[in-house]
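Student: Chains as they are written, first to last, in my numbering: chain U, 999 to 1331; chain L, -17 to 222. Can you keep this structure in mind? I'll have questions shortly.
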């Protein structure tokens, strides 16, 4: 009985001594909050966060034992979590994060996803060829892939892109196109969640449509005109289609064949990795959308300049994806 | 006040894990609804302001043949506010949005810190799947059936929604004070819940605490010390 009393007395004393340190916890919490939002002008101030972290850990361990249902413990849990996050993550700088993403992470991700990029490109090319062959052999099937207006326009010997700028201004056209393309790319990536089938469907459908429309237009003698329209923006736009297909395929395979990890863990790794590629795709599509709005439908651009813009932008894309565009210059020895 | 289950325990070099309480479907939905209203209001406000300026009269109608100026100054910013609201604010506010603040939750990575730009992008891109077939059906089912109450976007990004612990004002136990550790805890609890309690109930509790720890029977004797007086006496007792 006496032992139990002395134990309770000891706990009360320990609790009281712990609560006398509340001002230290408050100081530590304030420092963690301050440093989480930016740099400290004082190095000593920033360094004392490590001491705060140890102090909070020590007191939290005691509080969990001595007063598990108290507000003091709640406060310590919050302050400790905040100090942990500040110490391990610090202040976030958007410029540095974007530079790291494009310069370091993107080339690594592209290299890791290379087999998927090759496969999705092969699937896309095959479906383009299939769409072309299908409509070339059975022209009436174009009704499955193109709108009646488009069909009527081509049958009258005119591409639907001619005079487009007389109807819709370039800026409006660009925004509509890039928004549509970005949504399609995002869908191709997200649809990988359905075990890759959604991605395969989007990739295949777009390939079939492109091939079918090309076959139909070529049959009416307008193939060269359509190629001239597509080249400036299409080199990058179609490559991005394959890249987002690759990202979706990686997500799908992670769910089908998770390997040693759990399915969710494997999905998370694949989605995060390929998400980086998708960010680059969105950026590239903005450029492609602007070209498609301002250059592609404008008849004042001669063929050579269209090819130069299309190939030039495509080479820029390759340089970005391979890491050559933003590579750090090595310091002189 | 034990942690509601489930929780996220993050290992630390100190050997004491960081413990975070995972938010459930209710807190998630509440935060989403608040955010949805805010972003809708902001996008509409921009659209309305832009349309009034563009039309030059009291009309919100879009032009029959929209020009580039209409798109760039009115439609595009309004759409950007609506669609990029979550991503941009979570990035800038380190895992929080106004709605999440109201609901007392925030997005964290599995290591307890704020998620990176890539993770937040992935989390928000997967809303395309979570919102299927309508009203976030897939997302809600995922939140309801997963142990950590995560939607598909969270699974993809490795993020969680956790409760933001309220940093209630902390009362320090001073040497030589009338209160012991238990007393501090009681007064702290009473002050924290003051507004939520009925005036009669909090008055009664305050009188009892004052009688026990401060030997203050004035409030009991006349029974008429005002609500405000009682609160001030409690605050004086703990040195606030």
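Idealized CB from N, CA, C, for every residue including glycine. From a predicted model like this one, the values you see are computed outputs, not experimental measurements.
Buried or exposed: which applies to residue -17(L), given that a residue is buried once 16 or more other Cβ atoms fall within 10 Å of its Cβ?
Tutor: Any reading at residue -17(L) is ruled out, since the residue's pLDDT is 44, under 50, leaving its predicted position unreliable.
Student: What runs of the alpha helix (DSSP H), each 4 residues or longer, lie entirely inside the segment 1159 to 1240 of chain U?
Tutor: Here the runs fully enclosed are 1162 to 1165, 1168 to 1188, 1195 to 1217.
Student: Can you name the start and end residues of the alpha helix (DSSP H) that residue 1094(U) belongs to?
Tutor: Counted as a single uninterrupted DSSP element, the alpha helix (DSSP H) harbouring residue 1094(U) occupies residues 1092 to 1098.
Student: Given that a residue counts as buried once 16 or more other Cβ atoms are within 10 Å of its Cβ, and exposed if not, what is residue 1082(U)?
Tutor: With 16 or more Cβ atoms within 10 Å of its Cβ, residue 1082(U) is classed as buried.
Student: Hey, is residue 48(L)'s beta-carbon within less than 8 Å of any beta-carbon in chain U?
Tutor: yes
Student: Determine the extent of the beta strand (DSSP E) in which residue -10(L) is found, giving its start and end residues.
Tutor: -11 to -8
Student: I'd like to confirm something about residue 1313(U): is its beta-carbon nearer than 7 Å to some heavy atom of the ligand FAD, or not?
Tutor: Absence of the ligand FAD is noted for the structure shown, with no ligands found whatsoever.
Student: Decide if residue -14(L) is buried, meaning its Cβ has at least 16 other Cβ atoms within 10 Å, or exposed.
Tutor: Below a pLDDT of 50, predicted positions are generally treated as unreliable, and residue -14(L), at 49, falls in that range; the measurement from the model is reported next regardless. Exposed: under 16 other Cβ atoms inside 10 Å.
Student: Taking residue 1260(U) as the query, report the chain L residues whose CB atoms sit under 9 Å from its CB, ordered along the chain.
Tutor: None at all; the shortest Cβ gap to chain L is about 11 Å.
Student: Please list, in chain order, the residues of the segment 1265 to 1290 of chain U that have any C-beta partner in chain L closer than 8 Å.
Tutor: Going along the segment 1265 to 1290 of chain U in chain order, one finds 1265, 1266, 1269, 1270, 1273, 1274, 1276, 1277 with a Cβ nearer than 8 Å to chain L.
Student: For residue 1252(U) and residue 1234(U), what's the separation of their Cα atoms in angstroms?
Tutor: 27 Å
Student: Name the two residues that bound the continuous alpha helix (DSSP H) containing residue 104(L).
Tutor: Boundaries of the alpha helix (DSSP H) harbouring residue 104(L): 99 to 107, taken from the DSSP string.
Student: Can you check whether the CB of residue 1133(U) is closer than 8 Å to the CB of residue 1210(U)?
Tutor: yes
Student: In chain L, what lies closer than 7 Å to residue 1167(U) by C-beta?
Tutor: 49, 50
Student: Rounded to whole angstroms, what's the CA-CA distance from residue 122(L) to residue 7(L)? Just pull it up for me.
Tutor: 7 Å
Student: Note the first and the last residue of the continuous alpha helix (DSSP H) segment covering residue 191(L).
Tutor: 181 to 195
Student: Report yes if the CB atom of residue 1231(U) is closer than 8 Å to the CB atom of residue 1294(U), and no otherwise.
Tutor: yes
Student: Hey, is the segment 128 to 143 of chain L in contact with the segment 176 to 188 of chain L, meaning 3+ C-beta pairs nearer than 8 Å?
Tutor: Not touching, per the Cβ criterion.
Student: Taking the straight line between their C-alpha atoms, what separation do you get for residue 1225(U) and residue 1237(U)?
Tutor: Taking the straight line from one Cα to the other gives about 16 Å.
Student: Looking at residue 1168(U): is its Cβ nearer than 8 Å to the Cβ of residue 1292(U)?
Tutor: yes
Student: Taking the straight line between their C-alpha atoms, what separation do you get for residue 1137(U) and residue 1304(U)?
Tutor: 30 Å
Student: What does DSSP give as the partner residue(s) for residue 91(L) in the beta ladder?
Tutor: 141(L)
Student: Which residue comes first and which comes last in the alpha helix (DSSP H) that contains residue 2(L)?
Tutor: Judged by DSSP secondary structure, residue 2(L) falls outside any alpha helix (DSSP H) and instead within the beta strand (DSSP E) spanning 0 to 3.
Student: Verify the CB distance criterion: does residue 1082(U) have a CB-CB separation below 8 Å to chain L?
Tutor: Chain L, which has a Cβ nearer than 8 Å to the Cβ of residue 1082(U), makes this yes.
Student: Between the Cα of residue 1013(U) and the Cα atoms of 1026(U), 1066(U), 1312(U), 1029(U), which residue gives the shortest distance?
Tutor: 1066(U)
Student: Would you say residue 1033(U) and residue 1017(U) are within 8 Å of each other, going by their C-beta atoms?
Tutor: no
Student: Would you mind working out which of 189(L), -2(L), 109(L), 4(L) sits nearest residue 1054(U), comparing C-alpha positions?
Tutor: -2(L)
Student: Can you check whether the CB of residue 1157(U) is closer than 8 Å to the CB of residue 1220(U)?
Tutor: yes
Student: To the nearest whole angstrom, what separates the beta carbons of residue 1188(U) and residue 108(L), a pair I think is in contact under 8 Å?
Tutor: In this structure residue 1188(U) is in contact with residue 108(L), their Cβ atoms being roughly 6 Å apart against a cut-off of 8 Å.
Student: For residue 126(L), I'd like the list of residues in its chain whose CB is within less than 8 Å of its CB, leaving aside the five on either flank, ordered along the chain.
Tutor: 7
Student: Can you give me the C-alpha to C-alpha distance between residue 1076(U) and residue 147(L), rounded to a whole angstrom?
Tutor: Cα to Cα, the separation comes out at about 6 Å.
Student: Tell me which residue opens and which closes the alpha helix (DSSP H) that residue 23(L) is part of.
Tutor: 7 to 37
Student: Within 8 Å of any Cβ in chain U, is that where the Cβ of residue 84(L) sits?
Tutor: no
Student: Taking C-alpha atoms, which residue in 1196(U), 1103(U), 1131(U), 1149(U) lies nearest to residue 1118(U)?
Tutor: Among 1196(U), 1103(U), 1131(U), 1149(U), the Cα nearest to that of residue 1118(U) is on 1196(U).
Student: From the beta carbon of residue 1293(U), is the nearest beta carbon of chain L less than 8 Å away?
Tutor: no
Student: What are the boundary residues of the alpha helix (DSSP H) that residue 1150(U) is part of?
Tutor: Start and end: 1146 to 1153.
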